[in-house]
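There are 4 protein chains.
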Amino acid sequence: MGMPMELNTMIVTKGNEVREEENRFVLQKEGYRLYPIDVPVAVQKTKDSEQSGTALIKKVEWQQNTTTITYTLVSLKSTN
Amino acid sequence: MGMPMELNTMIVTKGNEVREEENRFVLQKEGYRLYPIDVPVAVQKTKDSEQSGTALIKKVEWQQNTTTITYTLVSLKSTN
Amino acid sequence: MGMPMELNTMIVTKGNEVREEENRFVLQKEGYRLYPIDVPVAVQKTKDSEQSGTALIKKVEWQQNTTTITYTLVSLKSTN
Amino acid sequence: MGMPMELNTMIVTKGNEVREEENRFVLQKEGYRLYPIDVPVAVQKTKDSEQSGTALIKKVEWQQNTTTITYTLVSLKSTN
């Protein structure tokens, strides 16, 4: 009767983020994932890559074993 | 840096549920609340009232300090 | 970087509970499981069996991919 | 019937950590707090101070509205 979920402390995009507006993105992930909302979190392309920026998650939606988050990029790390 | 939330194991409607379809309802609650999805949970009007039915939560959404759940009523307890 | 966990809304003992005192029991489960503390939860032997009682979880411990809960049985359902 | 908790993504010690061994510390916090286990998390003295190190949380215990974590400091940032 338990519900499997995953506690996430950063956003790993794997390049699947979709830009909705200037600095707002939507990202779908498989499974039910718990993310902190309105708290600065690191954004990375993969779990082992460098941090590419910092985001604030504004919305989390769980449905049909999928988690959809909407986040605002609040800072970018230049990578040169 | 923490994010307040509440672990919920049943649905307490306080009469605020909105019927979307035959047996599907939408309910908004204040704050970020964690509910089990696709697991049978009790439905009650208040936290001290009798259980009025059993539901399956199909969708949970967190945004702007509000939790919106969509659930399907799978059984009703008659109360006569 | 995520941490797998499971949201649990009842206690499924599978007969593995250990009595510590009169009505206090300790139960170990595999993995990290989130349980509500100080909230009445159903106790069942298996996930499909009848509810055998109601308990209050007083302590939850996570360590080495194991969850240990201490709970107090507050009511028993007779099964004759 | 809900259980209030807080999702934490870093360790804020407020100087209350107790050293148990070489690089293992125990910290008590008020309330029920969810922390990721076995995942690198930032350690800070206050929520607004610089990150002082990185830790792996090895154990989380919830009891009597208190959360006790045991963590291993895996790296230190020098602050000169």
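Chains as they are written, first to last, in the numbering used here: chain A, -18 to 61; chain B, -18 to 61; chain C, -18 to 61; chain D, -18 to 61. All residues carry an ideal CB built from backbone N, CA and C; glycine is no exception.
- Query: Do you know how far the Cα of Asp29 (chain B) is from the Cα of Gly(-17) (chain B)?
  - Reply: 30 Å
- Item | Span of the beta strand (DSSP E) around Gly34 (chain D) | Going by DSSP, Gly34 (chain D) is part of the beta strand (DSSP E) stretching over 32 to 44.
- DSSP state of Pro(-15) (chain B) mapped onto helix, strand, coil: strand
- Message: Determine whether the beta carbon atoms of Arg14 (chain C) and Phe6 (chain C) lie at a separation below 8 Å.
- Response: Against a cut-off of 8 Å, the Cβ pair of Phe6 (chain C) and Arg14 (chain C) comes out as no contact.
- Message: Nearest by alpha-carbon distance to Glu(-2) (chain A): which of A:Pro(-15), A:Ile18, A:Pro21, A:Ile38 is it?
- Response: For Glu(-2) (chain A), the closest alpha carbon among the candidates A:Pro(-15), A:Ile18, A:Pro21, A:Ile38 is that of A:Ile38.
- Item | Option nearest Lys10 (chain D) by Cα separation, candidates D:Glu(-13), D:Ile18, D:Val20 | If we check each option's Cα against that of Lys10 (chain D), D:Glu(-13) comes out closest.
- Take the Cβ of Pro(-15) (chain B) as the centre, count every other Cβ of all protein chains shown within 10 Å, and call the residue buried at 16 or more, exposed below. Under this definition Pro(-15) (chain B) is an exposed residue.
- Query: By Cβ distance, which residues of its chain are closer than 6 Å to Thr49 (chain A), with the 5 residues on each side in sequence left out?
  - Reply: Gln9, Glu42
- Task: Spatial neighbours of Asp19 (chain C) within its chain, please: CB distance less than 8 Å, with the 5 preceding and 5 following residues excluded, ordered by chain position.
- Result: Cβ within range, chain order: Leu37, Ile38, Lys39.
- Message: Within a Cβ cutoff of 8 Å, which residues of the same chain sit near Gly12 (chain A), ignoring the five residues on either side of it in sequence?
- Response: Pro(-15), Met(-14), Glu(-13), Asn46, Thr47, Thr48
- With distances taken from CA atoms, which of D:Gln25, D:Asn4, D:Gln44 is nearest Tyr52 (chain D)? D:Asn4
- Message: Is the separation between the beta-carbon of Lys(-5) (chain B) and that of Thr27 (chain B) shorter than 8 Å?
- Response: yes
- Message: Is Asn(-11) (chain B) close to chain A? Criterion is C-beta to C-beta, closer than 8 Å.
- Response: For Asn(-11) (chain B), no CB of chain A lies under 8 Å from its own CB, so it is not counted at the interface with that chain.
- Item | CB contact below 8 Å: Val41 (chain A) versus chain B | yes
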